[in-house]
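For the sequence shown, full-length UniProt numbering gives the first residue as 1, with consecutive numbering after it. Report on one structure; see the data block that follows.
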Amino acid sequence: MTTQKLTGGQMVVDFLIREGVEKVFAIPGHGNTALLDAFVDRADEIELVPAMHEQGAAHMADGYYRASGKIAAICTSIGPGATNTLTGLATAFADSMPMLLITGAVHTYMENRGVLQEIDRPHGNNFPRMVEPVVKRWWQPSRLEQLPVALAQAFNTMHEGRRGPVLVDIPQDLQAEYGDYTPDTGARRPATLATGDPAVIAEAARLLAGAKRPVIVAGGGVIHAEAAAELMAVAEHLGAPVTHSFQGKGAFPADHDLYAWPCGDMGSIPGNGVTRTADVILAVGCRFSDRITSSYRPGVTFDIPNTKLVQIDIDGFEIGRNYPVEVGVVGDAKTSLAALRDVLADLGPALDYRSTDYFAELQDLKAQWEEHLRPMRTTDYLPMTNSRAMVEIRKALPREGILVTDSSNPANQAFNEFPIYGPKTNIVAGGFSGIGFGVPAAIGAQIGAPDTPVLAMVGDGSFLQTGTEIATAAMLGVPLVIVVLNNGGWEAIKDLQISLFGEEREIISGWKNLDGTPYFADITRFAQSLGCSAERVEDPEKLADAIERAFATPGPVIIEAMSAHELPWTEMHPTGWWDITVPAYHGEVRDDYVAQRGF
Numbered sequence: 001m002t003t004q005k006l007t008g009g010q011m012v013v014d015f016l017i018r019e020g021v022e023k024v025f026a027i028p029g030h031g032n033t034a035l036l037d038a039f040v041d042r043a044d045e046i047e048l049v050p051a052m053h054e055q056g057a058a059h060m061a062d063g064y065y066r067a068s069g070k071i072a073a074i075c076t077s078i079g080p081g082a083t084n085t086l087t088g089l090a091t092a093f094a095d096s097m098p099m100l101l102i103t104g105a106v107h108t109y110m111e112n113r114g115v116l117q118e119i120d121r122p123h124g125n126n127f128p129r130m131v132e133p134v135v136k137r138w139w140q141p142s143r144l145e146q147l148p149v150a151l152a153q154a155f156n157t158m159h160e161g162r163r164g165p166v167l168v169d170i171p172q173d174l175q176a177e178y179g180d181y182t183p184d185t186g187a188r189r190p191a192t193l194a195t196g197d198p199a200v201i202a203e204a205a206r207l208l209a210g211a212k213r214p215v216i217v218a219g220g221g222v223i224h225a226e227a228a229a230e231l232m233a234v235a236e237h238l239g240a241p242v243t244h245s246f247q248g249k250g251a252f253p254a255d256h257d258l259y260a261w262p263c264g265d266m267g268s269i270p271g272n273g274v275t276r277t278a279d280v281i282l283a284v285g286c287r288f289s290d291r292i293t294s295s296y297r298p299g300v301t302f303d304i305p306n307t308k309l310v311q312i313d314i315d316g317f318e319i320g321r322n323y324p325v326e327v328g329v330v331g332d333a334k335t336s337l338a339a340l341r342d343v344l345a346d347l348g349p350a351l352d353y354r355s356t357d358y359f360a361e362l363q364d365l366k367a368q369w370e371e372h373l374r375p376m377r378t379t380d381y382l383p384m385t386n387s388r389a390m391v392e393i394r395k396a397l398p399r400e401g402i403l404v405t406d407s408s409n410p411a412n413q414a415f416n417e418f419p420i421y422g423p424k425t426n427i428v429a430g431g432f433s434g435i436g437f438g439v440p441a442a443i444g445a446q447i448g449a450p451d452t453p454v455l456a457m458v459g460d461g462s463f464l465q466t467g468t469e470i471a472t473a474a475m476l477g478v479p480l481v482i483v484v485l486n487n488g489g490w491e492a493i494k495d496l497q498i499s500l501f502g503e504e505r506e507i508i509s510g511w512k513n514l515d516g517t518p519y520f521a522d523i524t525r526f527a528q529s530l531g532c533s534a535e536r537v538e539d540p541e542k543l544a545d546a547i548e549r550a551f552a553t554p555g556p557v558i559i560e561a562m563s564a565h566e567l568p569w570t571e572m573h574p575t576g577w578w579d580i581t582v583p584a585y586h587g588e589v590r591d592d593y594v595a596q597r598g599f
């Protein structure tokens, strides 16, 4: 390959193109001006997508990857342009999503002088140490010849093992100066996936084959590894109900008769019912966070070690991290599940599970769950309940359509009552649970999957954090639908304050004007002011039709759905327990909390 004279900016652009990167979500600033200029001459090969805020740019890149499986880059300036990405990086890091952050940095010859936007204490040019806890690795080249090596290692790091974001922080002079550049011609990454030890997989298969009440817990690792088919094969062979974490939703179709709905504090009657009575649990790509374990309270969701645990994970650190394992398999979910499937087949024929009492019990638990949800799903109460809104949204969202949520009531309720039928059709900020993720992530998802209907379902609190990103959607004509459930406040926290401490203890979660009247943002007019189509819907019977019209409308459409903002109509459907602390001065409420937490 011929050596060329290129600027650092040109090297970056060429390297991204060679790695197959198609989109770079970016905001310009003085710290990345030279770098962005290098994209001008390659605009037909790689696209810069403008964002309104650097957090939004990171969430867009995250949603883009979750929907498409393609890595995107984010390019921002120095100082606040870089620091604004932290929430987006942390969200990706918590959920093991790869992305490449490229930031501008202080000129090498002015480092440590405290120039404009430099983080210069206790070290000069110190942004990478600020981001260090939420990236897999970072690079800050100080010479031009280091830049191609840093980029190559960055892509290796994103791809290997448990995926995640990385940072390359590029001084401004390196972006602009010429250097020798020789593109790589050889491979730098392995062509095979890591499979668990065959002897250990055989041990796991024997344990599972002998189980009377096996259960599978699917985590996000199943979707990362594209292992849904292998997961289903194992489940059907064993007749094992399948439950899941927040990130694992979609790994198993909701209309399969072995689907058990989720487990955990915001789990379901069948999900928690089968996990706490299982004799053997197979957990795949699942880190057992507090949300799906009922804060580790014994016997609520899990009864490990009385229940034997078989755990498969690409990251050996997660094996036995929160629960002791009977068998721990370190390996890729797809290849390890395939190996497990094959060993199970060798041990004996698949179970005729539909004829078993265990299967009948699962169906009964699922019927109980449907009946539990029915009142809130069918009510005509106004303003509409979130449950009713979700029924109408599911009617209008095609089976293969992508639902994007972020945090709080919409995400929690979608987790335990919104049916999802396939991988990569449920996008949620599961691990970091950052409110404000939904809108920009949905924009990125729609850009990543342009032929798939994408719908974001967020609250007004979430929308008011990052809703300005719809300006990007309007400029680019991104044809997604955003349903904003407008209840005039931080409803999940308001209900929590009231249920824990009493109605008189609610503080700042229900929005009010100075005169004490409720405050509701006019989402419809705001969206229209940024160039989007928008309408307000108050009658739940009209919501599905509004969404269908929205999908038929060019460009982004925002539907403001006025939703319930008073108990009991805002109640969610917890079936487990979550450790939300109660101050010591709350007497009996505190005593009851301490008695339950188990620590």
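Glycine included, C-beta positions come from ideal geometry on N, C-alpha and C.
Query                                                                                                                          : Result
Glutamine 247, enclosing alpha helix (DSSP H) - first and last residue                                                         : Element bounds for glutamine 247: n/a, residue is neither H nor E.
Beta-bridge pairing of arginine 536 - partner residues as DSSP gives them                                                      : Glu560
Glycine 467 versus glutamate 491: straight-line alpha-carbon distance, rounded                                                 : 18 Å
Neighbourhood of histidine 372 by C-beta distance below 8 Å, restricted to the same chain and skipping five residues each side : Ile269 and His573
Beta-carbon proximity list for alanine 534, same chain, < 6 Å, skipping 5 on both sides                                        : Thr524, Ala527, Gln528 and Ile558
Within 8 Å, strictly: CB atoms of valine 327 and leucine 207                                                                   : yes
Minimum C-alpha distance to threonine 275 - residue among Thr575, Glu132 and Thr581                                            : Thr575
Of the listed residues Val439, Cys532, Gln172 and Thr385, nearest to leucine 567 (C-alpha basis)                               : Thr385
CA nearest to the CA of serine 408, picked from Val537, Pro349, Met266 and Val329                                              : Met266
Selection from Thr425, Ala561, Gln465 and Val454 that minimises the alpha carbon distance to isoleucine 223                    : Thr425
4-residue-minimum alpha helix (DSSP H) runs that sit fully inside the stretch 440-494, ordered along the chain                 : 460-466 and 470-476
Phenylalanine 288 versus leucine 351: straight-line alpha-carbon distance, rounded                                             : 28 Å
Contact under 8 Å by Cβ, isoleucine 393 with alanine 442                                                                       : no
Alpha carbon of glutamine 153 to alpha carbon of leucine 258, nearest angstrom                                                 : 42 Å
Beta-bridge partners of isoleucine 4, as assigned by DSSP                                                                      : For clarity, residue 4 is glutamine in the given sequence; the question names isoleucine instead. Its beta-bridge partners are Tyr181.
C-alpha gap between tyrosine 358 and aspartate 364, whole angstroms                                                            : 10 Å
CB-CB length for alanine 204 against leucine 340, believed under 8 Å                                                           : 6 Å
Bridge partner(s) assigned by DSSP for lysine 70                                                                               : Lysine 70 pairs with nothing; no bridge assigned.
Identity of the residue in Gln172, Gly164 and Met158 nearest leucine 144 by Cα                                                 : Gln172
Spatial distance of leucine 167 from glycine 221 (CA atoms)                                                                    : 23 Å
Beta-carbon proximity check, alanine 187 vs proline 423, cutoff 8 Å                                                            : no
Cβ-based neighbour list, serine 245, same chain, cut-off 6 Å, excluding 5 preceding and 5 following                            : Gly219, Cys286 and Ile292
Neighbour-count burial assignment, phenylalanine 39, 16 or more Cβ in a 10 Å radius                                            : buried
Whole-angstrom C-beta distance between tyrosine 323 and leucine 309, which should lie under 8 Å                                : 6 Å
Close Cβ partners of proline 253 (< 7 Å) along its chain, the five nearest in sequence each way excluded                       : Tyr259, Tyr421 and Gly422
Residue from Thr517, Ile281 and Glu177 whose Cα sits closest to the Cα of phenylalanine 302                                    : Ile281
Given 8 Å, three or more beta-carbon pairs between the stretch 84-91 and the stretch 49-58                                     : yes
Beta-carbon proximity of valine 135 to proline 183, cut-off 8 Å                                                                : no
Rounded distance between the beta-carbons of proline 556 and alanine 473, thought under 8 Å                                    : 4 Å
Inter-residue spacing [alpha-carbon to alpha-carbon] between arginine 237 and phenylalanine 418                                : With the sequence shown as reference, residue 237 is identified as histidine, and arginine is not the correct amino acid for it. C-alpha separation (whole angstroms): 27 Å.
Counterpart residues of proline 171 in DSSP-defined beta bridges                                                               : Ala105
N-terminal and C-terminal residue of the alpha helix (DSSP H) that lysine 366 is part of                                       : 357-378
Exposed unless 16 or more other CB atoms sit within 10 angstroms - verdict on histidine 53                                     : buried
Inter-residue spacing [alpha-carbon to alpha-carbon] between glycine 489 and aspartate 255                                     : 34 Å
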